[in-house]
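One structure is given here, and the rest of the page talks about it.
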Amino acid sequence: MFSMTKVQISSVITGYHVYKKKQPIGTVCYVLKDKSNVHDKESLVVKNSDSQTIGHVPATPVTLKSTLNEVLDISCSAIEIKCEIIGTPTLAFPPWVNNPNKPGAVIPCRYTIEIPATMAPNVKDIMCKHLGYDLVNDIVKFHEVFTPPTSPSQYPDSPDWKLYRNQIISELLKEVSGDQIKNIHSCHDYVDISLRQKEMGLNNNVCCKCNYVYSLGNRNCPNCNHDPKYNPLGYDPYKRTPSQHLKHPPTVTVGEPCMVNPNNEEKIGIVLEHLREVCNIPEQRKWLVVWSDGIPYLFGMRLQQYVYVCSSCEELVDTRKESLDDHTAKHNHDNSINFHRAFSDFIFRPGPCHIELNMAKCLLNFCWPILLLMVSALGFRTKKALDVVKCGTDHHRSKHILFTLFDALARELLLTHVRNSLESGAPVSLESFNDWVRDSVVDPNYLYLFDMCFTFLLAFKLYNEGIRKNNHEVVMAARIFFAPLFFAGNHPKYQELHLRDLCDRVQYPPELALEMKNTESFSVSGEFNKGQGADFVHEETNKFIKSFLPPGVPNAEIWQRVCRKSEMLKNLKDKCCSDLSQSSRYRLPRMDNKQLMMQRQVRSYLASPVNQKPHVSLSGETMIVNKHFAKLGTLKKNVKKVELIELYYEMCSELEDQLADETVPEIETDNIDTV
Ligand SMILES: [Zn+2]
Ligand SMILES: [Zn+2]
Ligand SMILES: [Zn+2]
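Below is the structure:
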């Protein structure tokens with residue numbers, strides 16, 4: 008009996024829109040060379056057991072097709088490539104789209120190659136060459152890279168997401184019920200009291216904890232001592248998410264500065280070359296994680312995907328401009344040469360703080376029909392001031408506004424149901440609330456805010472928690488649920504970034520995947536709720552260095568000098584200023600008054616959601632005038648794309664699930680090198 012190595016690759020069958028042969032899930036088909044295709048001698052056809060053509064092995068990205076072709080070539084048909092259908096036909100999605108205007112349709116499938124042990128080394132060579140696994144060659148055993156998924160995925164039906172959302176809604180239901188003061192016929196609460204005060208021209212505080220009305224001169228509520236401006240000491244706004252920070256905080260070291268602006272691929276190439284030199288690749292270490300802002304990340308990923316090095320002339324070949332075959336022909340190379348990826352010694356990761364920044368911008372844009380009036384009431388009156396808020400330039404302020412908006416909207420969305428229940432004597436519960444929204448609510452304004460609040464704003468909140476606590480599951484659940492908004496809005500860079508990042512996560516070998524999971528964020532101070540993305544750690548270091556630069560445009564020499572001495576400068580500064588530090592006594596601010604104001608404004612907008620109403624903004628403009636609403640309307644169409652993203656993630660988490668009972672060797676990584 009021969010021992011066999013089994014390799015499985017999750018991918019798709021293309022051409023469903025041509026052949027229209029739907030196969031039941033689980034059907035096993037076969038991959039054969041397509042001799043009838045005169046245009047493409049590499050073409051591979053997928054046939055079912057009745058020899059009917061189902062489709063083709065995807066032509067983009069070419070790696071899979073080349074791999075399977077070469078495997079068939081060397082084996083002289085000793086190896087059979089099977090193809091198991093794992094999903095229903097669906098619109099083609101990146102990276103399997105040739106023509107974005109006519110995407111076609113694909114069938115999700117799993118290609119399985121069973122290789123006799125005698126042939127495994129040859130097949131391994133082919134795999135490494137085409138699929139770029141040279142990067143991890145020495146830390147991954149061949150079969151582990153492609154071990155088939157075993158357990159069902161936890162995404163997209165993420166328990167973390169559901170748990171978090173249900174927990175928050177349940178807590179808020181309790182709070183909102185508790186806030187209501189019941190009369191014989193109706194309920195009222197602190198928002199009604201405050202509205203009434205306003206009507207009467209009075210300017211008093213209303214305590215949101217006990218409904219007590221008191222004059223502005225008092226700092227705290229005289230009745231219950233609640234402080235509307237600050238949270239108590241030690242308050243953890245991220246208490247729902249468990250911390251997964253590593254035991255030892257990371258060490259931040261500053262390397263030699265590289266004096267280029269990473270604003271195109273060529274310059275990114277220079278920065279990477281610089282990093283290689285500084286980090287002694289490949290002598291001292293084999294590879295490096297590079298965190299960066301979204302745009303340099305995309306440049307890096309594209310370089311990695313398209314640029315190869317020729318083993319003969321050591322020239323870089325950009326396959327977008329010249330195919331590898333053309334290069335071989337042009338330079339008269341013989342058959343002994345090979346190509347390897349020029350930047351396979353880097354792992355690019357998109358900076359979490361820049362993702363957060365773009366989430367905030369996206370949310371501000373989609374919430375603007377509601378926010379415009381609220382933000383003007385907060386004191387941003389001129390068009391210029393409003394534009395600045397809308398652009399999200401001040402991220403700190405955007406976050407405060409969005410979190411407060413969530414708190415206000417969530418309460419107001421629950422209010423009608425809570426009052427109905429209290430007035431009819433029915434118990435208030437999460438289930439009854441969900442049923443009510445599903446069965447009775449028809450007001451488009453209510454449904455718009457319901458989606459905004461309990462999906463997108465909530466995902467934003469959850470993402471923040473995940474980063475603060477370095478909790479991978481929470482971070483990914485939030486990103487998956489937020490993604491539709493990137494696809495509905497005009498965010499091509501973050502759409503591509505999202506897909507590329509998920510594709511990468513799918514392909515990490517297990518040891519690497521674990522390392523990546525453990526390092527979503529870093530707490531430099533070691534505190535359990537102060538995690539930041541590596542990009543932000545870098546930006547803080549940058550700020551620190553800049554604070555030592557003389558005024559005016561700094562020259563390269565001064566930059567270099569400050570960087571080299573930065574550790575010493577930091578020690579010095581810590582020693583001088585440590586006694587003045589207030590950080591341990593810092594209390595987190597509360598937004599009670601802003602929240603109250605938002606609740607007051609949105610209350611009548613959300614009244615009687617069981618009645619059909621025109622779809623309008625908070626100031627009453629109809630959706631035809633307002634392009635944001637129109638955009639949100641296209642969201643449903645885009646959800647199709649997002650299901651596919653979820654499919655990606657499924658593949659990814661399945662790979663991760665195998666980690667459960669594996670022991671993990673120590674991997675050396677340096678996560679603080681950032682472009
Ligand atoms: Zn009070
Ligand atoms: Zn930045
Ligand atoms: Zn060459």
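Residue numbers (this note's numbering): 8 to 682. Glycine is no exception: its CB is placed at the ideal position from the N, C-alpha and C atoms. Small disclaimer: the values here were computed from a predicted structure and weren't measured.
- Unbroken beta strand (DSSP E) runs of no fewer than 3 residues, entirely contained in the stretch 329-388, are found at 346-348, 353-357, following chain order.
- For T326, the Cβ stays outside the 8 Å cut-off from all heavy atoms of ligand 3.
- Distance from L98 to A85 at the Cβ level is roughly 37 Å; contact not present, criterion being Cβ atoms closer than 8 Å.
- Restricted to the stretch 509-555, the alpha helix (DSSP H) segments that are unbroken, complete and at least 4 residues in length are 517-525, 541-553, listed in chain order.
- Around the C-beta of Q187, 16 or more other C-beta atoms lie within 10 Å, and the residue is accordingly described as buried.
- Taken atom to atom, the span from the alpha-carbon of I122 to that of K13 is near 6 Å.
- If you draw a 10 Å sphere on the C-beta of I92, you find 16 or more other C-beta atoms in it, and that means buried.
- When the beta-carbon positions are compared, F493 and H505 come within less than 9 Å of each other.
- Residue environment analysis places H46 among the exposed positions, since fewer than 16 neighbouring C-beta atoms fall within 10 angstroms of its C-beta.
- V449 and S193 have their C-alpha atoms spaced approximately 23 Å apart.
- With contacts defined by Cβ atoms closer than 9 Å, D243 and F355 do not form a contacting pair.
- For H334 and Q291, the gap between their C-alpha atoms comes out near 32 Å.
- The shortest CA-to-CA distance from H622 to any of N549, Y501, L456, K601 is the one to L456.
- In the structure shown, K397 adopts helical secondary structure according to DSSP, grouped into three states.
- Going by DSSP, K406 is part of the alpha helix (DSSP H) stretching over 402-431.
- Sixteen is the threshold: since fewer than 16 other Cβ atoms of the shown chains lie within 10 Å of the Cβ of Q59, the residue is exposed.
- Taking the Cβ atoms as the reference, I114 lies roughly 15 Å from I16, outside the contact range of under 8 Å.
- Within the stretch 269-310, the beta strand (DSSP E) runs of at least 3 residues that lie entirely inside it are, in chain order, 295-299.
- Residue environment for C214: buried (at least 16 other C-beta atoms within 10 angstroms of its C-beta).
- The bridge partners DSSP lists for A112 are L98.
- Between the C-alpha atoms of I81 and Q539 there is a straight-line separation of about 49 Å.
- Put simply, the backbone Cα of T95 is about 13 Å away from that of H24.
- The beta-carbon distance between A349 and Y315, rounded to whole angstroms, is 6 Å. This is short enough to meet the 8 Å contact definition.
- Ligand 3 has no heavy atom closer than 8 Å to the beta-carbon of S330.
- Relative to S299, the option among C570, K328, N268 whose CA is nearest is N268.
- The beta carbon of V425 is closer than 7 Å to those of L180, V183, S184, Q187, V435 in its chain, skipping five residues each way along the sequence.
- According to DSSP, residue pairing for I88 in a beta bridge involves I120.
- With respect to the 9 Å criterion, G62 and K28 are classified as neighbours on the basis of their beta carbons.
- Sixteen is the threshold: when 16 or more other Cβ atoms of the shown chains lie within 10 Å of the Cβ of L421, as they do, the residue is buried.
- Positions of the beta strand (DSSP E) runs, each at least 3 residues long and wholly inside the stretch 208-278, are given as 211-213, 220-222 in order along the chain.
- In the three-state reduction of the DSSP assignment, V53 falls in the strand class, which pools E and B.
- Excluding the 5 residues flanking it on each side, E284 has no same chain C-beta neighbour closer than 6 Å.
- H340 has its CB nearer than 8 Å to a heavy atom of ligand 3.
- Counting along the chain, no alpha helix (DSSP H) covers L39; the unbroken beta strand (DSSP E) around it starts and ends at 35-40.
- Here D332 is exposed. Its C-beta has fewer than 16 other C-beta atoms within 10 Å.
- Boundaries of the alpha helix (DSSP H) harbouring C570: 563-571, taken from the DSSP string.
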